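A.B. asks: Let me give you the structure first, and then I'll get to my questions.
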Amino acid sequence: MKPTEVLMQEHRVIEVVLDCLEKMAEQCKKEKALDTESASQAVDFFRTFADGCHHHKEEDCLFPLLESKGFSREQGPTGVMLSEHETGRHHVRGMATAIETVASGDSTGQDQFVLHARSFVQLLREHILKEDQCLFQMANKALTEQDQQQLLDSFQHIEHDDLGPGTHEKYLCIAKQLAERYGVVSTASALSSGGSCCGH
Numbered sequence: 000m001k002p003t004e005v006l007m008q009e010h011r012v013i014e015v016v017l018d019c020l021e022k023m024a025e026q027c028k029k030e031k032a033l034d035t036e037s038a039s040q041a042v043d044f045f046r047t048f049a050d051g052c053h054h055h056k057e058e059d060c061l062f063p064l065l066e067s068k069g070f071s072r073e074q075g076p077t078g079v080m081l082s083e084h085e086t087g088r089h090h091v092r093g094m095a096t097a098i099e100t101v102a103s104g105d106s107t108g109q110d111q112f113v114l115h116a117r118s119f120v121q122l123l124r125e126h127i128l129k130e131d132q133c134l135f136q137m138a139n140k141a142l143t144e145q146d147q148q149q150l151l152d153s154f155q156h157i158e159h160d161d162l163g164p165g166t167h168e169k170y171l172c173i174a175k176q177l178a179e180r181y182g183v184v185s186t187a188s189a190l191s192s193g194g195s196c197c198g199h
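Numbering of the sequence shown is given in numbering that gives the first Met the number 0, commencing with residue 0 and proceeding in unit increments.
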């Protein structure tokens, strides 16, 4: 399996939770009530799995390797992806603050949650499309077999050493639980198998 295939598998899992988040926002808007437990699980997932694991692999492993091959950060795709990662973090922080506001009894947090959730869903869906259809195709052409193996080894190190054994699997389970709760049909093979996207 190529490193880009690992990242694309993770994209499928992230998309499942994005679908759940979209339903949470719709429910919150319609019913004037936020399921703070589910919302907190989603925020935790995006912080740990999407950012701490997935974006970590891209920012610390894939992007620097591509830049060493001549990809420009200032004028190339990696710079755009990094900027969108930061925008995503802004929205995740906004959702977390909104959840705290609602939990304290202040209903104004509901609208803030919906605003940040919807913006985040749109941002990440477009971001994933760019990576799947453009950046990863470019990466596969630019990287040698040795580069690919180096990346796979780096990904395994992040999952098992940086995050800790079982962390990756824990968040796959959270994604599955949210999908079942919100009636989201998953096409992510990693979700149905319950295994690590790296195959370890």
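Just so you know, even glycine gets a beta-carbon here, dropped at the ideal spot from N, CA and C. Model, not experiment: these values are computed from the prediction.
Could you tell me which uninterrupted beta strand (DSSP E) segments, each at least 3 residues in length, are contained entirely in the stretch 128-155, listed from first to last along the chain?
C.D. replies: DSSP runs (the beta strand (DSSP E)) wholly in the stretch 128-155: none.
A.B. asks: Measure how close the beta-carbons of Ala174 and Val16 come, nearest whole angstrom, since I'm counting them as under 8 Å.
C.D. replies: As a first step, residue 174 must be located in the sequence shown, where it is residue number 175. As a first step, residue 16 must be located in the sequence shown, where it is residue number 17. The Cβ separation is near 5 Å, so the contact holds.
A.B. asks: Taking the beta carbon of His156 as the centre, do at least 16 other beta carbons fall within 10 Å, making it buried, or is it exposed?
C.D. replies: As a working mapping, residue 156 is identified with position 157 in the sequence shown. Looking at its Cβ environment, which holds fewer than 16 other Cβ atoms inside 10 Å, His156 is exposed.
A.B. asks: Restricting to Cα atoms, I'd like to know which of His167, Gly108, Gly165, Lys129 is closest to Lys28.
C.D. replies: Taking the sequence shown and counting its residues from 1, one reaches residue 28 at position 29. Among His167, Gly108, Gly165, Lys129, the Cα nearest to that of Lys28 belongs to Gly108.
A.B. asks: According to DSSP, is Ser39 helix, strand or coil?
C.D. replies: Taking the first residue of the sequence shown as 1, we reach residue 39 at position 40. Three-state result, Ser39: helix.
A.B. asks: Considering Cα atoms alone, identify which of Cys19, Gly78, Arg92 is closest to Leu61.
C.D. replies: One-based indexing of the sequence shown puts residue 61 at position 62. Cα-wise, what sits closest to Leu61 is Gly78.
A.B. asks: Checking 8 Å against the spacing of the C-beta atoms, do Ile98 and Ala38 come in under that value?
C.D. replies: Position 99 of the sequence shown holds residue 98. Position 39 of the sequence shown holds residue 38. Against a cut-off of 8 Å, the Cβ pair of Ala38 and Ile98 comes out as a contact.
A.B. asks: Are there three or more Cβ pairs, one per stretch, closer than 8 Å when the stretch 112-129 is compared with the stretch 163-180?
C.D. replies: No: the two stretches stay apart, fewer than three of their Cβ pairs being nearer than 8 Å.
A.B. asks: Short of 6 Å in beta carbon distance, which residues of its chain neighbour Gln111, apart from the five on each side in sequence? Order them along the chain.
C.D. replies: Locating residue 111 in the sequence shown gives position 112, counting from the first residue. Only Ala97 meet the Cβ criterion.
A.B. asks: Grab me the residues of Gly198's own chain with a C-beta within less than 6 Å of its C-beta, minus the 5 sequence neighbours each way, in chain order.
C.D. replies: Residue mapping note: residue 198 aligns to position 199 of the sequence shown, counting from 1. In this prediction, Gly198 scores a pLDDT of 38, lower than 50, which makes its location untrustworthy; the coordinate-derived value is nonetheless stated afterwards. Around Gly198: no qualifying Cβ.
A.B. asks: Output the distance between the C-alpha atoms of Gln40 and His159, rounded to the nearest integer angstrom.
C.D. replies: Your numbering for residue 40 matches position 41 in the sequence shown. Your numbering for residue 159 matches position 160 in the sequence shown. Near 22 Å, if we compare the C-alpha coordinates of His159 and Gln40.
A.B. asks: Between Leu122 and Gly87, how many whole angstroms is the CB-CB distance? I'm expecting something under 8 Å.
C.D. replies: What you label residue 122 is simply residue 123 of the sequence shown in a count that begins at 1. What you label residue 87 is simply residue 88 of the sequence shown in a count that begins at 1. Leu122 to Gly87, Cβ: 6 Å. Contact.
A.B. asks: Please classify Thr184: does DSSP put it in a helix, a strand, or coil?
C.D. replies: In the sequence shown, residue 184 corresponds to position 185, counting from 1. Per the sequence shown, residue 184 should be read as Val rather than Thr. Three-state result, Val184: coil.
A.B. asks: Just mark Met89 as buried or exposed, buried being the case when its beta carbon has 16 or more other beta carbons within 10 Å.
C.D. replies: Locating residue 89 in the sequence shown gives position 90, where the first residue counts as 1. First, the amino acid is wrong: residue 89 is His here, not Met. Classification of His89: exposed, given that the 10 Å Cβ count is below 16.
A.B. asks: For Met0, name the three-state secondary structure that DSSP assigns.
C.D. replies: Counting from 1 along the sequence shown, the entry for residue 0 is found at position 1. Coil at Met0, not helix or strand.
A.B. asks: How about Phe154 and Lys56: do their beta carbons lie closer than 8 Å?
C.D. replies: Numbered from its first residue, the sequence shown carries residue 154 at position 155. Numbered from its first residue, the sequence shown carries residue 56 at position 57. Result yes, Cβ atoms of Phe154 and Lys56 sit closer than 8 Å.
A.B. asks: State buried or exposed for Asp105, treating a residue as buried only when at least 16 other CB atoms are found within 10 Å of its CB.
C.D. replies: Counting from 1 along the sequence shown, the entry for residue 105 is found at position 106. By the neighbour-count rule (16 or more Cβ atoms within 10 Å), Asp105 is not buried but exposed.
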